[in-house]
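*Asks:* Here this note's numbering is used: the first residue of the sequence shown is 546, the next is one more, and so on.
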Amino acid sequence: MRCLLSVAALFLFVSVGIADDAREPVGIVSRIKVLSNHCEDVSSPEDWRRTYIRDGMTDHDKALAIWRTVVRYRHQTNPPNEYLSPEKNVHDPLKTIHVYGYGMCCCATSNACGLARCLGMKARGRSITRHTISEVFYDDAWHLVDGSLMNYFLRPDGVIASADEVMQAVTRWHEKNPGYRGDNAKLVQFAANENWKKSGPALLATCETFGKNGFNAAGVHGWHATMQEYDYKTAGEYECLPSMGYQLNVQLRPGEKLTRNWFNKGKVIDWTDADILEGGQRILRLQRELGDKAPGRIGNGVLQYEVPLASGAFRGGALAVENLACTSEDGAAPAMHVKDPDQKGVYIVRMPSSYVYLSGTVALKAIIGAGGSIVVSYSENHGLDWREIGKVTASGDQTIDLSPHIVRKYDYRLKFELSGKGAGLDALKIVHDVQHSQAPLPTLLEGKNTITFSAGPPEGTITVEPNTAPGSTSWRQLEIQNFHAVVNNAKLQWARPQGRGDMTLRIPAPGEIVRLRMNLGYRLRDAKDTYTISASFDEGKTWKEIERLKGPTPGCTQYLTFADVPPGAKAVIVKFEGKEVNTACLFGLRIDVDYKEPNGGFRPVKITYVWNEDGQQKTHVHVANRPQETYTIDCGPKAVVRSFTVELAE
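#1: Can you determine whether any heavy atom of the ligand FAD sits closer than 7 Å to the C-beta of C1101, and answer yes or no?
#2: Going by C-alpha distance, which of P987, P1112, C1130, G646 is nearest F1189?
#3: Please report how far the alpha carbon of R833 lies from the alpha carbon of Q980, in whole angstroms.
#4: For R842 and T614, I'd like the C-alpha separation in whole angstroms.
#5: What residue range is occupied by the uninterrupted beta strand (DSSP E) comprising L803?
#6: Quick check: Y1104 and N1144, are their CB atoms within less than 8 Å of each other?
#7: Roughly how far, in whole angstroms, is the beta-carbon of V1191 from the beta-carbon of V1155, given that I think they are within contact range, below 8 Å?
#8: So, helix, strand or coil for E749, using DSSP?
#9: With DSSP as the reference, label L822 as helix, strand or coil.
#10: Taking the alpha carbon of V883 as the reference point, which residue from A908, F1121, S899, G914 has its own alpha carbon closest?
#11: Apply the 10 Å Cβ neighbour rule to H1029 and answer buried if 16 or more other Cβ atoms are within range, or exposed otherwise.
#12: Among R669, Q734, E801, F698, whose alpha-carbon lies nearest the alpha-carbon of E753?
#13: If you pair each beta-carbon of the region 921-928 with each one of the region 955-965, do three or more pairs fall below 8 Å?
#14: Helix, strand or coil for P1053? Go by DSSP, reduced to three states.
#15: Decide if Q1162 is buried, meaning its Cβ has at least 16 other Cβ atoms within 10 Å, or exposed.
#16: At 4 residues or longer, and completely inside the region 845-911: list those alpha helix (DSSP H) runs for me, N to C.
#17: Is it the case that the region 877-892 contacts the region 613-630, given that we only count it when at least three CB pairs across the two stretches are under 8 Å?
#18: Counting beta carbon pairs with one atom in the region 777-794 and one in the region 1130-1139, are three or more of them shorter than 8 Å?
#19: Distance, Cα to Cα, V813 vs L903?
#20: Using the Cβ count rule (16 or more neighbours within 10 Å means buried), how would you classify K1120?
#21: Could you tell me whether the region 968-982 touches the region 843-855, using the rule of 3 or more Cβ pairs below 8 Å?
#22: Could you tell me which residues DSSP puts in a beta bridge with C652?
#23: Measuring only the C-alpha atoms, how far is V587 from L1069?
#24: Which stretch, first to last residue, makes up the alpha helix (DSSP H) that contains S948?
#25: Work out the CA separation of G665 and E1142 for me, nearest whole Å.
#26: Hey, could you find the ends of the alpha helix (DSSP H) P590 is sitting in?
#27: Tell me, which residues are paired with A1035 by DSSP?
#28: Would a C-beta distance cut-off of 8 Å place G659 and P631 closer than the cut-off?
#29: Curious, which full-length alpha helix (DSSP H) runs of at least 4 residues does the region 692-759 contain?
#30: So, at 6 Å on beta carbons, what are the nonlocal neighbours of E1010 in its own chain, with the 5 sequence-adjacent residues on each side left out?
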């Protein structure tokens, strides 16, 4: 009986949320995860590692696991640009997996290097002829794993060859077979009918991803491309600056819902080729062999928040509520209104997303008294600065276009300042189009589908990921100065010390800080060039050293996690102390501050699936009443999944 009571007490504790005041209703549920038996859990680097890496695996097996990951979740095509590093493209492997699902060779190289380094393995990028490739180091040798053109080559002893070994095989063949070097058409013709395997270099004949005529599964590159790209004399190391730190953290408040679709409306960041946008399965043939069951690749979803004003539930999901009342509290109208007309009413709401914003609108129904107004302001740097984007001076429905401000963003804040007697809101709805990849989604297939739901710890994240070269960005992306960086005897560009110098960033969080995560892309050319990274949780009175980066290296990236955070800390100052003898630069910088959501916990979550069976729409609704649940969905013949939505149950 004691055991049963303990379990019941624990469930009650989890249900109301892990908060200092258990009487407060849960305002936000975090790390909402929905998986099916047809997808993998790759929500975070740790989840990826649990999915792909097994105890006792050799480094050879780990290298192939990295290759399979990059190939399965990324298609070779025009890359998306977020302009957050000198490379401009998206170089975070988890962001590639969940948000985009495509990129170019430098993107694949960075993804492979990032995952390898996450496992503690040495990895590097290299620039060869019209191509960038990745190699992983183990057993005292380098080994080529090309996730971009989807190949690797095995030596006679079964070991993955290095890029230089491939180069030697290619150049020797050209020396013995003059007339083909650099001639794409002749190489394509030569490779036909498996001649590439019979008469080409023996090392290349081991490739399992070249088809009968030498093309890879996407039908673009293949044996002929390899015979040109690896025909080089020298190939220097090229650091593609992988950015680690992105994690899938779906968070929901009452009135908020996220719909992810196995189709798109033609909306993407930048542009991409029609074949991948249309979801043609021909180009994704190898991805399907590796387990991708999605009907296409690019998805357009919708994140919307219909703020529950009248009930007062908006308070639990807000960053600040000042001098405001709601109908359920005092019986007055409108739904949210100024309490003391002589003072401003302030409502600040944060809109974080795990998926990149493509567009957005604010729709509101305002009630304005004589001389009153509602001013709407926007912040893209976590409330450090605000700018007015709308002012309402008359009652009625109003719409504000957020798209010029939020494209390529994942997080922003809105502030509503209500002035005057009777000023208030009767309705407030914030709607966004987002881009996501279909590949990692929990798809449904014909037959029995097992769905696993879970909600994780009540944690949120504040991310600081600026471009560290002021003046170099496009599309209004944030630069280092936008986060109020302070430099001392250092250049703001690349945080470059002038002899000895430092840069500091102060980052406040909405709740108690749990841990810091950092991704640092740097150059330290001399053995005496260094960066020392420290953190202060008491406004600079004391410091804790996190890491010391040392040269010599022309370029490297390191991902750090720091959990030695004192209880109650709600702000951190991160300091980068540099010593430059030759060259010290920070090319890539991402800081993730994980914190405990003040009103976080668990409450029931509704999951709605929509699919078609032979042209007829079908729907399945499940309410998860516990933080971990498993259930099944049966789909009939010719089932094609369309969408799934998560929202808090009423």
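Just so you know, even glycine gets a beta-carbon here, dropped at the ideal spot from N, CA and C.
This structure is a prediction, so every number in the text was calculated from the model and none was measured.
*Replies:* Taking the definition as stated:
#1: In terms of ligand content, the structure shown is empty, and the ligand FAD therefore cannot be addressed.
#2: P987
#3: 21 Å
#4: 15 Å
#5: 801-806
#6: no
#7: At roughly 13 Å, the Cβ-Cβ gap does not stay under 8 Å, so V1191 and V1155 are not in contact.
#8: In the sequence under discussion, the amino acid at residue 749 is Leu, which differs from the Glu named in the question. In the structure shown, L749 sits in a helix (DSSP, three-state: H, G or I).
#9: helix
#10: G914
#11: exposed
#12: F698
#13: yes
#14: strand
#15: exposed
#16: 872-875
#17: no
#18: yes
#19: 7 Å
#20: buried
#21: yes
#22: Note: C652 sits in no beta bridge, so no partner.
#23: 33 Å
#24: 948-951
#25: 31 Å
#26: 590-597
#27: P1042
#28: no
#29: 708-721, 729-736, 740-744
#30: L629, R1135
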